[in-house]
Amino acid sequence: MSHGPSAAAGAAISTTPHGHSSEPYVPVFTGETRAQLDALMERYPTKMAALLPALWMVQEARGWVSPEAMAEVGQVLGLTAAYVKGVVTFYTMYHQHPVGKHFIQVCTTTPCHVCGAEDVVKAFLKQTGCGELGVTSTDGKYTVIEVECLGACGFATPVMVNADFIESVTPEKVPELLKKYG
Amino acid sequence: MGFPHKPHPRETTVLSEHFGEAEARSLDGWKSRGGYRALEQALGMDPLAIQAVVKESGLRGRGGAGFPTGLKWSFMKIGDGKPHYLCCNADESEPGTFKDREIMRWTPHALIEGCAIAAHAIGAETAYIYIRGEFTEPLDVMERAVDEARRAGVIGKNAMGSGKRVDVWVHKGAGAYICGEETALMNSLEGKRGNPRIKPPFPAAAGLFGMPTTINNVETLAAVPPILVNGGEWYKKMGRADNPKSTGTKLWSVCGNVMRPGNYEVEMGFPFKEFLYDLCGGPPKGRKFKAVIPGGSSVPIITMAEAEAAVMDYEGMVAVGTMLGSAGCIVMDDAQSIPRQVARLARFYAHESCAQCTQCREGTAWTTKILERMVAGGGTTEDLDTLMDLADDMTGKTICVLSDSCAAPVVSGLQKFRSEFEALITRKTVHTVPAIVA
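Rendered as structure tokens:
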């Protein structure tokens with residue numbers, strides 16, 4: 402597989418833009434965030450069903466889902482840390498390591514592949530200075546990965562930069578596009 | 003309509019009429035376009051009467067399997083004392099398919115209305131719309147629309163003042179193609195790994211949280227309000243006169259090597275040739291169409307000769323050896339190497355296998371390795387037999403159909419474009435692109 406060490410597999414990093422430190426863990430689910438989660442739990446008949454939403458809240462707050470955060474989520478929802486890790490590792494969108502400030506996902510599945518998505522990937526790797534898939538640039542700004550079908554095949558090549566969904570990206574558009582993400 | 007293009011005169015816009023109109027996204031905008039009349043009507047009806055209208059319409063599942071919607075709803079035992087659930091499958095991730103995304107982006111209330119009607123029709127008080135995590139804009143639009151509908155009392159404890167409780171919630175996925183499989187979606191919603199479940203029990207007996215559940219695709223549910231307002235007979239009239247099995251309109255997502263990619267809504271039974279050349283504008287300048295995968299990446303590839311003879315409905319696609327599937331139409335021109343594209347598809351399935359079943363976990367990975375080696379110039383004649391053997395082992399032998407879906411393009415690719423694979427092996431060269439014909 403040429404996806405490179407994806408976010409799920411653990412992105413290799415050369416710097417630590419955020420997270421990863423020896424400081425003591427600060428819980429995510431306190432105050433307002435805890436109240437938000439409690440409100441969310443009322444939508445479901447089980448606590449466990451709030452697991453994916455809770456993990457999203459962690460990633461939103463911290464940029465990634467650390468082992469300590471998995472343990473905290475487990476404690477809040479009455480699940481073991483091992484169970485939570487089992488779920489986290491199943492899904493590609495939860496980062497198990499810190500990633501660049503701008504996380505770039507380029508769709509390269511067949512419909513985009515036939516429209517030249519490989520060249521879009523190359524343009525991003527070159528322009529960001531990442532060089533390799535899944536490797537964060539030395540300035541900590543960018544991580545680029547290939548992603549399977551983003552579901553916008555008629556607008557090849559779709560690219561996600563963090564939560565922004567950008568359609569019809571061509572190699573020529575990459576330098577201009579990146580100016581927005583300094 | 004072929005958003006972002008203007009609607010083509012030959013389109014029939016039932017679902018896509020308001021694509022591109024920002025105002026249609028708001029509750030008021032939707033109501034002024036006739037929205038929520040169907041829900042009001044439905045809440046005053048007996049669930050079985052709603053099921054009867056949907057049965058009459060002939061509506062079939064638009065997610066890929068094409069199961070009759072009214073029949074599916076009728077499997078739910080109303081009044082069995084258990085909580086019932088409706089799941090809306092908005093995990094659209096079948097390569098080539100991007101129609102549900104447009105429904106959610108432009109007409110979120112159409113989906114909420116469809117969900118609320120369906121929930122009432124199956125005796126459920128709660129509906130969950132499971133949207134893939136990558137769909138940030140549809141998620142945002144849907145969340146806002148659901149909030150607005152709840153605040154206005156359209157849904158909630160006393161939906162439209164009917165005294166009936168209909169809750170609709172948006173649930174965000176986290177990246178996994180397999181969660182589009184109905185039971186994997188339920189596991190994921192329950193906070194588990196998205197592994198498909200062994201069936202039976204089917205969802206109507208034991209689905210979400212172990213309770214009776216119906217799961218429908220976004221497009222299926224969005225078609226319910228117009229059916230209720232206009233009647234089953236109206237919907238049934240659309241389609242080929244000689245094929246009552248496929249009725250209504252269908253949204254087709256068109257992508258790949260085509261002049262005007264986008265979504266198009268046509269009546270069932272539309273001629274595929276005219277569709278590809280007239281509506282979609284034909285191949286890129288100087289190129290010729292070579293092959294089409296008409297129903298999302300999981301259906302067999304067909305040649306242009308087969309495509310040009312096909313009509314666009316469930317039976318019409320089966321007649322040319324493929325399937326309508328999710329109607330995600332991937333078009334390839336003569337610059338594309340079929341082995342290369344089949345290899346890329348195999349890689350997709352290898353990446354997305356949940357790895358529960360041996361045939362799938364090993365088969366998708368092995369198939370990918372062989373094909374990628376072949377594309378790189380290292381193929382052997384035996385590889386072709388191995389690929390067919392593997393495909394056989396991957397078909398009909400696993401919990402879900404992901405491995406079957408990986409086998410489909412391999413088998414059809416080898417059957418229909420065998421000479422391309424052989425040329426790769428004998429000449430040991432990588433694919434060369436033919437020059438553009440002026």
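Chains R and D, in that order, are what the protein sequence lines are. For the first sequence, the positions run 402 to 583 when my numbering is used. For the second sequence, the positions run 3 to 440 when my numbering is used. Here a beta-carbon is modelled for each residue, glycine too, at the ideal position from N, C-alpha and C.
By the beta-carbon neighbour count (other beta carbons within 10 angstroms, threshold 16), R/Y445 is buried. Secondary structure in the region 319 to 355 of chain D: the beta strand (DSSP E) runs of 3 residues or longer, each lying completely within the stretch, are 330 to 335 in chain order. For R/Q506, there is no enclosing alpha helix (DSSP H); the residue is part of the beta strand (DSSP E) that begins and ends at H503 to C508. Annotation: Cβ neighbours of D/L347 in chain R (cutoff 7 Å, chain order): T511.
Within the region 458 to 524 of chain R, the complete beta strand (DSSP E) segments of 3 residues or longer fall at 503 to 508, listed in chain order. Taking a cut-off of 8 Å for Cβ pairs, the region 301 to 309 of chain D and the region 262 to 270 of chain D do not touch, as fewer than three such pairs fall below it. For R/T493, the chain D residues whose Cβ falls inside 8 Å of its Cβ are A176, G177 and A178, in order along the chain.
Using a Cβ-Cβ cut-off of 7 Å, R/F504 is close to nothing in chain D; its nearest Cβ partner there is about 12 Å away. Counting the other CB atoms within 10 Å of its CB gives D/F274 a total of 16 or more, which places it among the buried residues. In the DSSP annotation of this structure, the continuous segment of the alpha helix (DSSP H) that includes R/T434 starts and ends at G432 to M442.
The Cβ atoms of R/M458 and R/T434 sit closer than 9 Å to each other. About 22 Å separates the beta carbons of R/D540 and R/P572, which is beyond the 8 Å limit, so they are not a contact pair. Between the region 182 to 197 of chain D and the region 88 to 99 of chain D there are three or more C-beta pairs closer than 8 Å, enough to call the two in contact.
According to DSSP, D/Y38 shares a beta bridge with no other residue.
Against chain R, a Cβ distance below 8 Å from D/T138 picks out M561, A564, D565 and F566.
Inter-residue distance for D/I372 and D/P11 is about 46 Å (C-alpha atoms, whole angstroms). Using a Cβ distance threshold of 9 Å, D/T216 and D/A206 count as a contacting pair. For the region 542 to 558 of chain R, residues whose beta-carbon sits nearer than 8 Å to a beta-carbon of chain D comprise V548, E549, C550, L551, G552, A553, C554, G555, F556 and A557.
Residue pairing by DSSP places D/F291 opposite D/D335 in a beta bridge. Of the other Cβ atoms in all chains shown, fewer than 16 fall within 10 Å of the Cβ of D/S34; this residue is therefore exposed. Taking the Cβ atoms as the reference, R/V477 lies roughly 7 Å from R/L438, within the contact range of under 8 Å.
By the Cβ test, the region 222 to 240 of chain D is in contact with the region 41 to 58 of chain D, since at least three Cβ pairs between them sit closer than 8 Å. Using a Cβ-Cβ cut-off of 9 Å, R/A472 does not count as an interface residue toward chain D, since no Cβ of chain D sits closer than that to its own. Minimum Cα-Cα distance from D/L73 among the listed residues D/R429, D/Y279 and D/Q53 corresponds to D/Q53.
Here the alpha carbon of D/P6 sits roughly 11 Å from the alpha carbon of D/S18.
R/S423 sits exposed, since fewer than 16 C-beta atoms from the chains shown fall within 10 Å of its C-beta. For R/F566, the enclosing beta strand (DSSP E) has its first and last residue at D565 to I567. Residue-level contact check: R/H498 does not touch chain D, since none of the beta carbons of chain D fall below 9 Å from its beta carbon. Using a Cβ-Cβ cut-off of 9 Å, D/T99 is close to C550, G552 and C554 of chain R, given in chain order. What D/H7 touches in chain R, judged by beta-carbon distance under 8 Å, is nothing: the nearest beta carbon there is about 10 Å away. R/G487 reaches chain D at K194 and R195, counting residues in chain order whose Cβ is nearer than 9 Å. For a Cβ distance threshold of 7 Å, nothing in chain D lies close to R/P572: the least Cβ distance comes to about 17 Å.
In the structure shown, D/E23 falls within a coil segment according to DSSP collapsed to helix, strand and coil. Between D/K101 and D/L253, the beta carbon gap of about 4 Å places them in contact (Cβ cut-off 8 Å).
Annotation: the continuous alpha helix (DSSP H) that includes D/A147 extends over T138 to R153. A straight-line Cα-Cα distance of about 18 Å links D/E310 and D/G327.
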